[in-house]
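A.B. asks:
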Amino acid sequence: MKKHLILLFSVLMAFGFPSCSDDEQEPPVVEPEVVTLSVGTENGYGEELPVTWNEGDQLGVFAAETLNGTFLLSGEGGKVTSDFTGKIMGEPSTYQVYYPYSAAAVLDGSELSVKVPELQHYTAGKLTKGENPMVGVAASTTIQMKNLCGILGIKVVAERNISVYDITFKGAEGQKIAGEAT
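Here the working numbering is used: position 126 in the sequence shown is 108, and no number is missing along the way.
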């Protein structure tokens, strides 16, 4: 019995043990890269109502293999330009960015579906977080966002002291002013 085992071992050593070839190796795992974007806002609403980033703001990003990635404000809030950080898969040639982030957002070619909220809140001297949709496209990590919508300003004039709790605005002849838009 010992002779057979020694002979078998000798044969295996001479011809080599069965092994996997290099062709059967698994492809390397590609990890997403952490990217910081410098994102500015246009001041389309005038000096009295600047568009600034606020703590907790999130952007949606379509770039390379990243479809609707979440980028969080990592820079200082209250500024017109600040940093947002997230992860990108692949080597992007273009960053397509939108605000505010929505898990349901879809980019089809160059069309982005967004939602304009039906209920919007007034905050004296500034825009309320998440209620002014913006988009930006750039070939670098420096991105300038543009407002998608205008702002409706209403001045209430009264001869006595009054309090206004809400205002309802409707489009003429069924024109859409809120909800899903492309």
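Where a beta carbon is used, it is the ideal one built from N, C-alpha and C, also for glycine.
Quick one: complete alpha helix (DSSP H) runs, 4+ long, within the region 48 to 115?
C.D. replies: If we require 4 residues or more, the region 48 to 115 turns out to have no alpha helix (DSSP H) run fully inside it.
A.B. asks: Alpha carbon to alpha carbon, what distance is there between residue 80 and residue 39?
C.D. replies: The residue labelled residue 39 in the question sits at position 57 within the sequence shown. The residue labelled residue 80 in the question sits at position 98 within the sequence shown. C-alpha separation (whole angstroms): 11 Å.
A.B. asks: DSSP on residue 42, reduced to helix/strand/coil?
C.D. replies: By one-based count along the sequence shown, residue 42 stands at place 60. DSSP places residue 42 in strand when its eight states are reduced to three.
A.B. asks: Does the Cβ of residue 158 have 16 or more other Cβ atoms within 10 Å, making it buried, or fewer, making it exposed?
C.D. replies: Taking the sequence shown and counting its residues from 1, one reaches residue 158 at position 176. Its Cβ having fewer than 16 others within 10 Å, residue 158 is exposed.
A.B. asks: Is the region 56 to 66 close to the region 89 to 99, with three or more CB pairs under 8 Å?
C.D. replies: The answer is no - the region 89 to 99 does not touch the region 56 to 66, with fewer than three Cβ pairs under 8 Å.
A.B. asks: How should residue 143 be labelled, buried or exposed, when 16 other C-beta atoms within 10 angstroms of its C-beta is the threshold for buried?
C.D. replies: Within the sequence shown, residue 143 is the residue found at index 161, counting from 1. So residue 143 counts as exposed.
A.B. asks: Considering only residues of the same chain and omitting the five flanking positions on each side of residue 60, which have a CB-CB separation below 8 Å?
C.D. replies: For the purposes of this step, residue 60 is taken as the residue at position 78 of the sequence shown. Here the set comprises 34, 35 and 36.
A.B. asks: Apart from the five residues just before and just after residue 23, which ones in its own chain have a Cβ nearer than 6 Å to its Cβ?
C.D. replies: To locate residue 23, count along the sequence shown from 1; it is residue 41. Excluding positions up to five away in sequence, the list reads 33, 62 and 127.
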